[in-house]
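Peer 1: Let me begin by handing over the structure; questions about it come next.
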Amino acid sequence: MRKSGILLPVSSIPSKYGIGTFSKQAYEFVDLLEQAGQTYWQILPLGPTGYGDSPYQSFSTFAGNPYYIDLEALIEEGYLTKKDCDSYDFGDNEEYIDYEKIYFSRFKVLRTAYENSNVSETKEYQDFANENSYWLDDYALYMAVKNSFDGISFIEWDEDIRLRKKEALDKYREKYQDEIDFYKFQQFMFAKQWFALKEYANKKNVKIIGDIPIYVAFDSSDTWANPELFQLDKNLIPVAVAGCPPDAFSKTGQLWGNPLYRWDYHKKTDYEWWMKRIAYCYKLYDVVRIDHFRGFDEYYSIPYGNPTAEIGQWEKGPGYDIFKTMKTKLGKKAVIAEDLGFLTDSVLKLVKKTGYPGMKILQFAFDSREESDYLPHNYTSNCVVYTGTHDNDTTLGWLKCMKRRDVAFAKRYLNTKKNKDIQWEFIRAAMASVADTCIIPMQDYLGLGSEARINIPSTLGLNWKWRMLPDAFNEELAIKIRNMTKLYSRL
């Protein structure tokens, strides 16, 4: 069945107080998705972010980002006053997130809400804490201890707590009980608000596509609490880390720095941790996009301490075995395989064997020198087509940087001579393709340039900041999107 959707990070919603949240504006976005005839809302990972603000480097693979808690809802519940919220500086640019100001204000105002609430005494909170204790207890303790060490990575903590010796765990739990409870409160409010928003979306026949990064951050509760899952030495120092080798885009490759998995250990446990992780994703989302799918076939291993990714080697991943286990334990689930980049025959075979749809990116199609698998006439129906992803420039921004002969080829292929609103011809090509699913970034529907780009891979400082202006996505645009969606039988 042919369907379509829109890609917009939660952080980009035009909510009050500096960053997108699970606010009334998020509900209004869902209403407009329904009006536009869209089946999907695709978002980025929801985890709490650290240095660099990347949702792909989170302090926990299970926890939610407290930045997304809607403060206006806390005002309505009586945990905060408008005066509380207005007393902090969350930044004053409607188009961009000021993460530094958010970091120094959000936790203070959430602390006020925590102190004014009595949610820990409610059955709803207690049920949440018990049901999620398998990750929540470690995460809350991790964050409390991390704060006590002024935010440094766990690898620099005192040895007793770094290595999780029982006496140290007991001591820190007792000493920082209030801080631990504060972090549990954040996760409870996050979950309460997110699941309410997801339920609202589902009732409007809008499904959520979420994102599961293949790796976890080294500086995370996952690594600290479960060192046996990763390639670490006895002092918890990584033996090797993740990344990508040099290619046409990067002469020195990409050094991500995430710890690598001990896949032999995971196999012995029947992938228990992975099954918990994936099962939790299907509570949060309706469809899961698995990032860096290639890493399950083969992963690039870089010796720890190397300054670049130039020296490394490919190692065998778990292959189909993990997906076979997933199908057995969790049943048939909706998955999108992020199969971008250089793909070997074995990766292609793995994607085909799972049956999961892969991704097609129109921006990768228009190289006038060669035939491309990303050109729509080469698609099969079992794929998801995008004009671009969160890692790409917007279509208009990308067109400005393209070689003239490639632009000429794209216009010839799309049968257009126009420059104004040309992004609509790319959207049309994606919508008209045989791909079962078509996802368009919100920025392309809004006709925005590079100023609205979400992320430039392998860079720090300017990413994850773009926000949609209030009323930019309106009824008129929703009707225009609906008409095209209907024209190409995606309603």
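Under the working numbering, the very last position in the sequence shown is 522; numbers go up by exactly one each time. Beta carbons are placed, not taken as given, at the ideal position from N, Cα and C, and that holds for glycine.
With C-beta atoms as the reference, is threonine 300 less than 8 Å away from threonine 339?
Peer 2: For the purposes of this step, residue 300 is identified with residue 269 of the sequence shown, where counting begins at 1. For the purposes of this step, residue 339 is identified with residue 308 of the sequence shown, where counting begins at 1. The answer is no: Cβ separation not under 8 Å.
Peer 1: Alanine 232 and valine 61 - do their beta-carbons sit closer together than 8 Å?
Peer 2: Counting from one through the sequence shown, the residue named residue 61 turns up at place 30. Counting from one through the sequence shown, the residue named residue 232 turns up at place 201. Yes; because the gap between Cβ atoms is below 8 Å, this pair is in contact.
Peer 1: Helix, strand or coil for aspartate 201? Go by DSSP, reduced to three states.
Peer 2: Locating residue 201 in the sequence shown gives position 170, counting from the first residue. Looking at aspartate 201 - three-state DSSP - the assignment turns out to be helix.
Peer 1: Serine 54 and aspartate 101 look like a contact to me (Cβ under 8 Å); what is the Cβ gap, rounded to whole Å?
Peer 2: What you label residue 54 is simply residue 23 of the sequence shown in a count that begins at 1. What you label residue 101 is simply residue 70 of the sequence shown in a count that begins at 1. That pair is a contact at about 4 Å.
Peer 1: Which one or two residues does DSSP pair with lysine 347 in a beta bridge?
Peer 2: Along the sequence shown, one-based indexing puts residue 347 at 316. Partner(s): Glu329.
Peer 1: Taking the CB atoms as reference points, tell me whether proline 79 and phenylalanine 93 lie closer together than 8 Å.
Peer 2: In the sequence shown, counting from the first residue as 1, residue 79 sits at position 48. In the sequence shown, counting from the first residue as 1, residue 93 sits at position 62. No, these two residues do not count as a Cβ contact at 8 Å.
Peer 1: Nearest-angstrom Cα distance between methionine 174 and leucine 430?
Peer 2: Within the sequence shown, residue 174 is the residue found at index 143, counting from 1. Within the sequence shown, residue 430 is the residue found at index 399, counting from 1. Rounded to whole angstroms, methionine 174 to leucine 430 spans 43 Å at the Cα level.
Peer 1: With DSSP as the reference, please indicate the residues paired to lysine 307 in a beta bridge.
Peer 2: Within the sequence shown, residue 307 is the residue found at index 276, counting from 1. In the DSSP output, where bridge partners are listed per residue, lysine 307 has none listed.
Peer 1: Using a 10 Å radius around the Cβ and a threshold of 16 neighbouring Cβ atoms, would you call proline 40 buried or exposed?
Peer 2: Looking up residue 40 in the sequence shown gives position 9. Burial call: buried.
Peer 1: Classify threonine 359 as helix, strand or coil using the three-state DSSP reduction.
Peer 2: Here residue 359 is taken as the residue at index 328 of the sequence shown, counted from 1. In this structure, threonine 359 counts as helix in the three-state DSSP scheme.
Peer 1: Below 8 Å between beta carbons: does that hold for leucine 361 and methionine 306?
Peer 2: Counting from one through the sequence shown, the residue named residue 361 turns up at place 330. Counting from one through the sequence shown, the residue named residue 306 turns up at place 275. Yes; because the gap between Cβ atoms is below 8 Å, this pair is in contact.
Peer 1: What residue does the beta strand (DSSP E) around alanine 460 start on, and which one ends it?
Peer 2: Position 429 of the sequence shown, counted from the first residue, corresponds to residue 460. Premise fails: alanine 460 lies in the alpha helix (DSSP H), 454-463, not in any beta strand (DSSP E).
Peer 1: Would you call the CB atoms of tryptophan 304 and leucine 260 closer than 8 Å?
Peer 2: Position 273 of the sequence shown, counted from the start, is the residue given in the question as residue 304. Position 229 of the sequence shown, counted from the start, is the residue given in the question as residue 260. Tryptophan 304 places its beta carbon less than 8 Å from that of leucine 260.
Peer 1: What did DSSP end up calling threonine 516 once you bin it into helix, strand or coil?
Peer 2: Counting from one through the sequence shown, the residue named residue 516 turns up at place 485. Three-state DSSP puts threonine 516 in a helix.
Peer 1: Which residues mark the beginning and the end of the beta strand (DSSP E) in which lysine 415 is found?
Peer 2: By 1-based counting over the sequence shown, the position of residue 415 is 384. A small correction: the amino acid at residue 415 is valine; lysine does not occupy that position in the sequence shown. 414-417 is the extent of the beta strand (DSSP E) around valine 415.
Peer 1: I need the straight-line Cα distance from isoleucine 392 to tyrosine 87, nearest angstrom please.
Peer 2: Taking the first residue of the sequence shown as position 1, residue 392 is located at position 361. Taking the first residue of the sequence shown as position 1, residue 87 is located at position 56. Going by C-alpha positions, isoleucine 392 is about 20 Å away from tyrosine 87.
Peer 1: Let me know if alanine 439 comes out buried or exposed under the rule of 16 or more other beta-carbons within 10 Å of its beta-carbon.
Peer 2: As a working note, residue 439 is residue 408 in the sequence shown. With fewer than 16 Cβ atoms within 10 Å of its Cβ, alanine 439 is classed as exposed.
Peer 1: Leaving aside the five residues before and after serine 136 along the sequence, list all residues of the same chain whose C-beta is less than 7 Å from its C-beta, in chain order.
Peer 2: As a position in the sequence shown, residue 136 is number 105, starting the count at 1. The answer, listed in chain order, is Tyr119, Asp120 and Phe121.
Peer 1: So tyrosine 110 packs on alanine 67, CB below 8 Å; how close in whole Å?
Peer 2: Locating residue 110 in the sequence shown gives position 79, where the first residue counts as 1. Locating residue 67 in the sequence shown gives position 36, where the first residue counts as 1. Not really, about 34 Å apart at Cβ, beyond 8 Å.
Peer 1: Do isoleucine 186 and isoleucine 321 count as a contact pair if the criterion is CB distance below 8 Å?
Peer 2: Within the sequence shown, residue 321 is the residue found at index 290, counting from 1. Within the sequence shown, residue 186 is the residue found at index 155, counting from 1. Going by C-beta atoms, isoleucine 321 is not nearer than 8 Å to isoleucine 186.
Peer 1: Spatial neighbours of glutamine 56 within its chain, please: C-beta separation below 7 Å, excluding the five flanking residues on both sides.
Peer 2: Translated into the one-based positions of the sequence shown, residue 56 becomes position 25. Correct list, in chain order: Ile44, Pro45 and Ser46.
Peer 1: Might you give, ordered along the chain, the residues of its own chain that have their beta carbon closer than 8 Å to the beta carbon of arginine 308, omitting 5 neighbours on each side?
Peer 2: Looking up residue 308 in the sequence shown gives position 277. Correct list, in chain order: Thr92, Phe93 and Ile243.
Peer 1: CA-CA distance, lysine 364 and lysine 448?
Peer 2: Reading the sequence shown from its first residue, position 333 is the one you call residue 364. Reading the sequence shown from its first residue, position 417 is the one you call residue 448. Each residue's alpha carbon lies about 43 Å from the other.
Peer 1: What would DSSP say about lysine 282, mapped onto helix, strand or coil?
Peer 2: Indexing the sequence shown from 1 puts residue 282 at position 251. Reduced to three states, the DSSP call for lysine 282 is coil.
Peer 1: Rounded to the nearest angstrom, how far is the Cβ of aspartate 475 from that of isoleucine 458, given a contact under 8 Å?
Peer 2: Along the sequence shown, read from residue 1 onward, the residue named residue 475 stands at position 444. Along the sequence shown, read from residue 1 onward, the residue named residue 458 stands at position 427. Yes, they are in contact, since the Cβ atoms of aspartate 475 and isoleucine 458 sit about 6 Å apart, within 8 Å.
Peer 1: With respect to the alpha helix (DSSP H) encompassing arginine 320, which residues constitute its N-terminal and C-terminal limits?
Peer 2: The count along the sequence shown starts at 1 and reaches residue 320 at position 289. Not the alpha helix (DSSP H): arginine 320 falls in the beta strand (DSSP E), residues 318-321.
Peer 1: Taking the alpha helix (DSSP H) that glycine 372 falls in, what are its first and last residues?
Peer 2: For the purposes of this step, residue 372 is taken as residue 341 along the sequence shown, with counting starting at 1. That residue, glycine 372, is in no alpha helix (DSSP H); it is neither H nor E in DSSP.
Peer 1: Along the chain, where does the beta strand (DSSP E) containing aspartate 62 start, and where does it finish?
Peer 2: The residue labelled residue 62 in the question sits at position 31 within the sequence shown. From DSSP, aspartate 62 is part of no beta strand (DSSP E) but of the alpha helix (DSSP H) over 55-66.
Peer 1: Determine the contact status of leucine 291 and tyrosine 330, defining contact as a CB-CB distance below 8 Å.
Peer 2: By one-based count along the sequence shown, residue 291 stands at place 260. By one-based count along the sequence shown, residue 330 stands at place 299. Yes, the pair counts as a contact, with Cβ atoms nearer than the cut-off.
Peer 1: So if DSSP puts phenylalanine 261 in a beta bridge, which residue, or which two residues, is it bridged to?
Peer 2: The residue you call residue 261 lines up with position 230 of the sequence shown. Its beta-bridge partners are Tyr292.
Peer 1: Is alanine 396 buried or exposed, if buried means 16 or more other CB atoms sit within 10 Å of its CB?
Peer 2: The residue you call residue 396 lines up with position 365 of the sequence shown. By the 10 Å Cβ count, alanine 396 comes out buried.
Peer 1: My understanding is that glycine 343 touches tryptophan 294, with C-beta atoms under 8 Å, so please give their C-beta distance in whole angstroms.
Peer 2: On the sequence shown, position 312 is the one that residue 343 refers to. On the sequence shown, position 263 is the one that residue 294 refers to. About 17 Å separates the two Cβ atoms, so there is no contact after all.
Peer 1: From what residue to what residue does the beta strand (DSSP E) around threonine 425 run?
Peer 2: Translated into the one-based positions of the sequence shown, residue 425 becomes position 394. Run containing threonine 425: none; DSSP gives neither H nor E here.
Peer 1: Return helix, strand or coil for glutamine 218, following the three-state DSSP convention.
Peer 2: Position 187 of the sequence shown, counted from the start, is the residue given in the question as residue 218. Here glutamine 218 sits in helix by DSSP.
Peer 1: In or out: aspartate 189 buried (at least 16 other Cβ within 10 Å) or exposed?
Peer 2: Here residue 189 corresponds to residue number 158 of the sequence shown, with the count starting at 1. By the neighbour-count rule (16 or more Cβ atoms within 10 Å), aspartate 189 is not buried but exposed.
Peer 1: Which residue's Cα is closest to the Cα of leucine 77: Ala222, Ile510, Lys196 and Thr112?
Peer 2: Walking along the sequence shown from the start, residue 77 turns up at place 46. Cα-wise, what sits closest to leucine 77 is Ala222.
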